[in-house]
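What follows is a set of notes on a single structure, which appears directly below.
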Amino acid sequence: MTKKRPKVIVTRRLPEAVETRMAELFDVTLNLDDTPFDRAMLAEAMATADVLVPTLTDDVDADLIANAGPNLKLIANFGNGVDHIDLAAARAKGIIVTNTPGVLTDDTADMAMALILAVPRRLAEGQRLLRSGDWKGWSPTMLLGHRIHGKRLGIVGMGRIGQAVARRARAFGLQIHYHNRRPVAEEIEQELEATYWDSLDQMLARMDIISVNCPHTPATYHLLSARRLRLLKPTAYIVNTARGEVIDENELARLIEAGAIAGAGLDVFEHEPAINPKLLASKRVVVLPHMGSATVEGRIDMGEKVIINIKTFFDGHAPPDRVHPAMF
Ligand code: DGY
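Its first residue numbered 46, the sequence shown is counted upward by one per residue in our numbering.
Rendered as structure tokens:
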């Protein structure tokens with residue numbers, strides 16, 4: 046007798062190769078027109094599915110989880126960050142949550158590095174000038190930025206992505222500093238010639254560029270609070286490719302407008318897709334629409350991870366990418 050295929054509901058459009066493979070393996074409901082699920086649609090999906098495949102645009106909160114149907118045993122998130130899922134509620138209900146770690150490390154670190162270069166070197170301003178038709182040709186004082194070689198980069202969160210940013214930044218001659226819950230292994234510190242700061246406050250006050258690379262958890266919400274942002278040097282830049290909620294966005298916008306912080310490169314925002322209008326208006330801020338991991342290769346790898354997690358679970362084994370409870 047053939048085994049019943051798990052009923053899998055996917056909330057957003059995924060790369061075609063991933064959707065095709067899912068359709069071969071599972072009784073899958075895809076979202077071909079990519080309309081984000083509203084709350085009622087999520088509730089309905091969670092009432093009927095064996096597996097929900099959400100993304101960061103779905104707020105899978107405690108209420109929805111409490112009211113999930115008896116068949117829902119796995120939430121196989123398409124993405125690394127799981128701050129949109131109430132992990133404690135899922136655990137209490139016996140629902141396993143998995144994510145897609147590792148496969149978006151390099152792409153996200155590349156984007157952080159791109160912003161580390163783009164902001165001090167004023168790339169977006171240069172592009173705007175050219176497109177406006179106002180460029181009168183080269184001049185010695187036109188659009189002068191700041192050199193990054195030799196500057197101090199302070200990485201907040203030295204996990205996989207933080208370390209990948211550090212490796213890239215070293216190649217550009219930046220000095221690596223970091224704050225983390227605990228120091229990384231000595232070999233990694235040595236390889237990166239990285240300096241550990243136990244005190245985030247102390248580090249922030251001394252860096253030229255800050256890169257935020259920690260996950261958003263209750264412990265890191267507004268880790269870069271109004272008070273901490275005010276510790277930064279007025280010549281410092283901030284780059285965030287992690288989650289907007291880690292920074293007090295209103296205060297960041299205010300400090301940049303006031304000239305108390307030199308600029309920012311932001312791929313993520315506190316209330317996506319809304320953005321503080323001051324950030325949008327500032328020429329000292331480079332904004333991107335949460336595209337840090339947006340590569341074809343990365344999205345396919347993420348889909349493969351989701352498929353492996355679902356398949357392993359329904360083959361009766363522990364899925365490899367269970368979200369560790371220590372994350373929250
Ligand atoms: C993730 O997976 O958490 C990323 O932010 C999505 O690109």
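Virtual Cβ for every residue (Gly too), placed ideally from N, Cα, C.
Asked	Found
Proximity to D131 [Cα-Cα], best of P263, R166, V351	P263
Reference L268; option with closest CA among E296, D108, G182, L168	E296
As assigned by DSSP and simplified to three states, the class of S270	coil
I352 beta carbon less than 8 Å from that of L70	yes
For L97, three-class secondary structure by DSSP	strand
T74: first and last residue of the uninterrupted beta strand (DSSP E) it sits in	72-74
CB contact flag (A169, A134, <8 Å)	no
Range of the contiguous alpha helix (DSSP H) that encloses N354	341-359
Pairwise C-alpha distance: E342 and A281	33 Å
Distance cut-off 7 Å: N125 Cβ against heavy atoms of the ligand DGY	yes
Beta-carbon gap between L277 and D246 smaller than 8 Å	no
Contact test: S177 Cβ vs the ligand DGY heavy atom, cutoff 7 Å	no
Reduced DSSP category for V171 - H, G, I as helix; E, B as strand; rest coil	The displayed chain sequence assigns Gly, not Val, to residue 171. G171: helix per DSSP, three-state reduction.
Distance between A216 and D152 (C-alpha atoms, nearest Å)	17 Å
6 Å Cβ shell around F373 - same chain, five flanking residues per side excluded	Confidence in F373 is poor, its pLDDT being 32 and thus under 50, which makes the residue's placement too unreliable to answer from.
Exposure of L311, with buried meaning 16 or more beta-carbon neighbours within 10 Å	buried
Inside the segment 259-319 only - alpha helix (DSSP H) runs reaching at least 4 residues	271-274, 294-302
Contact set for A371: own chain, Cβ-Cβ below 7 Å, skip 5 residues either direction	Residue placement at A371 is poorly supported in this model, since its pLDDT is 42, which falls under 50; the coordinates still yield a value, given next. Hits under 7 Å: none found.
Residue environment, V230, which counts as buried when at least 16 other CB atoms sit within 10 Å	Residue 230 is actually Ala in this sequence, not Val. Exposed: under 16 other Cβ atoms inside 10 Å.
8 Å contact criterion, which P60 and R344 should meet: CB distance rounded	5 Å
Alpha carbon of A214 to alpha carbon of A307, nearest angstrom	19 Å
Short Cβ contact (8 Å threshold) for V164 with V291	no
Three or more C-beta pairs below 8 Å linking the segment 218-227 and the segment 192-204	yes
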